[in-house]
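Protein chains in written order, with UniProt numbering: chain A, 1 to 229; chain B, 1 to 229.
Glycine included, every Cβ here is placed at the ideal spot set by N, Cα and C.
2 protein chains.
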Amino acid sequence: MLNQAVRTSVTPVKPGNSASSASDQFSMVMVHAGLVASEFCYKKEEEIYGEDEPAEYVYQVVTGAVRNYKLLSDGRRQIGAFYLPGDVFGLESGPVHRLTAEAIVDTTVRLLKRRSVEQAAATDVNVARSLWAMTAGELRHAEDHMLLLGRKNAMERVANFLLEMDRRLAVAGLLALPMCRRDIGDYLGLTLETVSRALSQLHSQGVLGFSGARQISLRNRQHLHNMDA
Amino acid sequence: MLNQAVRTSVTPVKPGNSASSASDQFSMVMVHAGLVASEFCYKKEEEIYGEDEPAEYVYQVVTGAVRNYKLLSDGRRQIGAFYLPGDVFGLESGPVHRLTAEAIVDTTVRLLKRRSVEQAAATDVNVARSLWAMTAGELRHAEDHMLLLGRKNAMERVANFLLEMDRRLAVAGLLALPMCRRDIGDYLGLTLETVSRALSQLHSQGVLGFSGARQISLRNRQHLHNMDA
DNA sequence: CGAAGCTTTGACGGCAGTCAAACCCTGTGG
DNA sequence: CCACAGGGTTTGACTGCCGTCAAAGCTTCG
């Protein structure tokens, strides 16, 4: 499961545009608690942890991308979140992971032993507050996503997705999507064909440009905002 | 907004079948912190707090029922959760409420000042742990609900809803639903007509019985479990 | 250069949404 | 006590958005 221990680190990951406070808080937890994070690498498509497995570690993406999902018995899949560089994932209040996490592409993570984090939280109230805030941040995302899944049409979902990815991983105005159309569909509650058709329509309207299917440049963010309802 | 101060209390609410640990934790927070909760009543359809309003209180349902929802600008609504006797709601890690809460029927709540809760968490690590656990419980529900909204068909959603309500509010094998068909639809990402058709089909199959549209008895829970995918 | 996987596009179908009308229940006032 | 009004629920007819199935095109990498 853990491929390759590369090195240890307490330095912050990529201050970049993924300016969620979660990554800062992750660093803070480590600093306050005197913890040291190890780095590991997962290959493309490799499982990081499975649904209902004991939660032994907390992770932070350094490079790459992760999908977090649930499966129905017949194979239908709902991706709850994508984790990108700087994002913390796998943090549980209870004993087990409630979704499966997989590397979408080759991915490097920093990780902390969950038990160490718990101990830090038991002695430092600021650490405890940070853990709560991280879970609350995931809840906020889930609440927004329920609105999308329950009430938005296909074009609104895709527009919302593009704006979210633009905010979280665009560099130099260019979106380099790590995930395939099926992953996007399983995140948005659509089929891969519907995602493709929506993107094609936006392309033909000049709202976005392609440099290969996964390199996208947004040419009219306002139009996307208007479509997002 | 706060109609009527009835009395104060530190005793647990209704140990009943809503055996979520959240209500116990609410009591624990109060006991550990020496806090006293006030009781208030909201009338049917009355707003308890609005989206983006400052989060000043934490609430626990004593009697009645609450819907927690987000709206799109054109009126489409997604209900994220129903809160029933014993449930805690309105707890935020950040400064504001992210959904609107309304009483579905006449509802009594106990409430704590958020500032008091924060202070208790700052000095008692067990309180801090409880707050995190409550938010984590809401996140778990949201993750399950994303799977329902993104990937289940109408019958699977309704079957899931009936089993959830059966677990949370059935007394003597009878479900007394406080919410109308539109609320159920807005919770399940369906229209009220689709909810009604699914319930009618289950009735005609003998899976459930009606005593009025909102009094339901489940006659074949196994069948519902099988339908829930 | 070739194979495999990913993406796009097209044709068609079906599930759930929309619109509409009838039915039912509850509460209220005569 | 009954009539009525209003809202909630059920049912029907039809529509349409998105899913399904299929095939062709495009990348990428060995």
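Starting from E118 (chain B), trace the beta strand (DSSP E) both ways and give me its first and last residue.
Counting along the chain, E118 (chain B) falls outside any beta strand (DSSP E), though it belongs to the alpha helix (DSSP H) covering 114-123.
Is it the case that the stretch 96-107 of chain B contacts the stretch 55-74 of chain B, given that we only count it when at least three CB pairs across the two stretches are under 8 Å?
Under the Cβ criterion (8 Å, minimum of three pairs), the stretch 55-74 of chain B counts as touching the stretch 96-107 of chain B.
Please return the same chain residues whose Cβ sits closer than 6 Å to the Cβ of F89 (chain B), not counting the five positions on each side in sequence.
Answer for F89 (chain B): Y59, Y83, listed in chain order.
If contact is defined by three or more beta carbon pairs under 8 Å, each pair taking one atom from either stretch, is the stretch 179-193 of chain A in contact with the stretch 28-45 of chain B?
The count of Cβ pairs closer than 8 Å, one atom from the stretch 28-45 of chain B and one from the stretch 179-193 of chain A, stays below three, leaving the stretches out of contact.
Within the continuous alpha helix (DSSP H) that includes S204 (chain B), where are the two ends?
For S204 (chain B), the enclosing alpha helix (DSSP H) stretches over residues 192-204.
Could you check which residue in B:T63, B:A142, B:E51 has the C-alpha nearest to that of L169 (chain B)?
Among B:T63, B:A142, B:E51, the Cα nearest to that of L169 (chain B) is on B:T63.
Any idea if S73 (chain A) is buried or exposed, counting beta-carbon neighbours within 10 angstroms, 16 or more meaning buried?
Taking a 10 Å sphere around the C-beta of S73 (chain A), we find fewer than 16 other C-beta atoms and assign the residue as exposed.
Simplified DSSP state of A136 (chain B), which is helix, strand or coil
If DSSP states are grouped into helix, strand and coil, A136 (chain B) belongs with the helices.
Cα-Cα, which of A:R157, A:G209, A:E118, A:Y42 is closest to L175 (chain A)?
Cα-wise, what sits closest to L175 (chain A) is A:G209.
Assuming G80 (chain B) is part of the beta strand (DSSP E), what are its boundary residues?
Its beta strand (DSSP E) spans residues 77-83.
Indicate whether at least one CB of chain A lies closer than 8 Å to the CB of R151 (chain B).
Interface with chain A (8 Å Cβ-Cβ cutoff): R151 (chain B) is included.
For H225 (chain A) versus L149 (chain A), is the C-beta distance shorter than 8 Å?
Result no, Cβ atoms of H225 (chain A) and L149 (chain A) do not sit closer than 8 Å.
Whole-angstrom distance between L177 (chain A) and S196 (chain A), CA atom to CA atom
Here the alpha carbons of L177 (chain A) and S196 (chain A) stand approximately 14 Å from one another.
Name, in chain order, the residues that DSSP records as bridge partners for R67 (chain B).
Under DSSP, R67 (chain B) shares a beta bridge with B:F82, B:E102.
From what residue to what residue does the alpha helix (DSSP H) around E47 (chain B) run?
From DSSP, E47 (chain B) is part of no alpha helix (DSSP H) but of the beta strand (DSSP E) over 47-49.
So with CB distances below 7 Å, who are the chain A contacts of K44 (chain B)?
Ordered by position in chain A, no residue passes the 7 Å Cβ test against K44 (chain B), which lies about 24 Å from the chain.
Proximal residues of chain A, C-beta to C-beta of M146 (chain B) below 7 Å
Correct list: Q78, G80, A142, H145, M146, L149.
Using CA atoms only, rank isn't needed, just tell me which of B:V109, B:I79, B:I48, B:Q119 is closest to D186 (chain B).
Per the Cα distances, B:I79.
Smallest Cα separation from A213 (chain A): which of A:M227, A:A198, A:R221?
Residue A:A198 is the option with its Cα nearest to A213 (chain A).
Would you list, in chain order, the members of the stretch 85-110 of chain B that have their beta-carbon closer than 8 Å to a beta-carbon of chain A?
From the stretch 85-110 of chain B, only E92, S93, G94, R98, L99 have a Cβ closer than 8 Å to chain A.
Does DSSP classify A176 (chain B) as helix, strand or coil?
Note: A176 (chain B) maps to strand in three-state DSSP.
Identify whether V171 (chain B) lies in helix, strand or coil by the three-state DSSP scheme.
If DSSP states are grouped into helix, strand and coil, V171 (chain B) belongs with the strands.
Distance cutoff 8 Å, beta carbons only. Does Q73 (chain A) sit that close to anything in chain B?
What sits at residue 73 (chain A) in the sequence shown is Ser, not Gln. Yes - at least one Cβ of chain B is within 8 Å of the one on S73 (chain A).
Bridge partners of Q215 (chain A), per DSSP?
Per DSSP, the beta bridge partners of Q215 (chain A) are A:A176.
Burial state of G137 (chain A) (16 or more Cβ within 10 Å):
Buried, by the Cβ-count rule.
T123 (chain B): buried (16+ other C-beta within 10 angstroms of its C-beta) or exposed?
Residue environment analysis places T123 (chain B) among the exposed positions, since fewer than 16 neighbouring C-beta atoms fall within 10 angstroms of its C-beta.
Any idea if D166 (chain B) is buried or exposed, counting beta-carbon neighbours within 10 angstroms, 16 or more meaning buried?
Flag for D166 (chain B) reads buried.
Just list the residues that DSSP pairs L224 (chain B) with in beta bridges.
DSSP lists no beta-bridge partner residue for L224 (chain B).
Who are the Cβ neighbours of M134 (chain B) in its own chain at under 7 Å, not counting the five residues just before and after it?
Only A22, Q25, V88, L91 meet the Cβ criterion.
Run through DSSP, which three-state label would G90 (chain B) get?
In the structure shown, G90 (chain B) sits in coil (DSSP, three-state: anything other than H, G, I, E or B).
Would R7 (chain A) be called buried (16 or more neighbouring beta carbons within 10 Å of its own) or exposed?
For R7 (chain A), the pLDDT reaches just 49, beneath the cut-off of 50, and the residue's location in the model is therefore unreliable, leaving the point undetermined.
Length of the line joining the Cα atoms of L139 (chain A) and A142 (chain B)
Cα to Cα, the separation comes out at about 7 Å.
Are T100 (chain B) and Y49 (chain B) close, meaning C-beta to C-beta below 8 Å?
The criterion of a C-beta distance shorter than 8 Å is satisfied by T100 (chain B) and Y49 (chain B).
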